[in-house]
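Quick notes on the structure that follows.
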Amino acid sequence: MTAPAHIFITGASSGIGAALARSYARNGIRLSLLARNAEKLAQVARECQSAGATVDWKTIDVVSSESVRVWIEECEAMTPIDMVIANAGIGGERVIAPFSGEAPGVAREIVDTNILG
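Going by my numbering, the first residue of the sequence shown is number 2, and it counts up by one from there.
This is how it looks when you write it as structure tokens:
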């Protein structure tokens, strides 16, 4: 099995997604990064570029499936994607919110992002 040359990562602006992007960043690797937080994502992209990776990034919420599909197609057209890391998700206080009486919309946001996204 050969190492991936083009890796597509969702949720790449923080946490596990950002850590994975940084760990894969090196010469000869193309990273396509996607997340909701433009400022944090831009910082991760700069760090990965400094490590030698070619980096394309876009601010998209994975709940917007059409926008994600278009971005995947654009990335695939540049270089075939070898690996997808579908990491985007929300948690923390939002996970316990439905059980603590928060609005049902919070539960829907969790399902939309973590499962459908």
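No residue lacks a Cβ here, since even glycine has one placed at the ideal position from N, Cα and C.
Since the structure is predicted, the reported quantities are computational estimates derived from the model, not experimental observations.
Which residues in the same chain as glutamate 74 place their Cβ atom closer than 6 Å to its Cβ, once the five residues preceding and following it in sequence are excluded? The same chain holds no residue with a CB closer than 6 Å to that of glutamate 74 once the five nearest residues on each side in sequence are set aside.
Check whether the Cβ atoms of arginine 37 and threonine 3 lie closer than 8 Å to each other. If you check the CB distance, arginine 37 and threonine 3 do not come in under 8 Å.
CB leucine 35 to CB alanine 13, shorter than 8 Å? In this structure, alanine 13 lies closer than 8 Å to leucine 35 by Cβ.
Inter-residue Cα distance where the pair is arginine 23 and valine 64: Taking the Cα positions, arginine 23 is about 24 Å away from valine 64.
Could you check if isoleucine 17 is buried or exposed, using at least 16 other CB atoms within 10 Å of its CB as the buried criterion? Looking at its Cβ environment, which holds fewer than 16 other Cβ atoms inside 10 Å, isoleucine 17 is exposed.
Quick check: the Cα distance between isoleucine 32 and tyrosine 25, rounded to an integer number of angstroms? Note on residue identity: the sequence assigns leucine, not isoleucine, to residue 32. Cα atoms of leucine 32 and tyrosine 25: separation of roughly 8 Å, rounded to the nearest angstrom.
Taking DSSP as the reference, what is the three-state secondary structure of serine 65? Coil at serine 65, not helix or strand.
Cα-Cα separation between glutamate 48 and asparagine 88, rounded to whole angstroms: Counting only the Cα atoms, asparagine 88 lies some 19 Å from glutamate 48.
So if DSSP puts methionine 84 in a beta bridge, which residue, or which two residues, is it bridged to? Assignment of beta-bridge partners to methionine 84 by DSSP yields Ile8.
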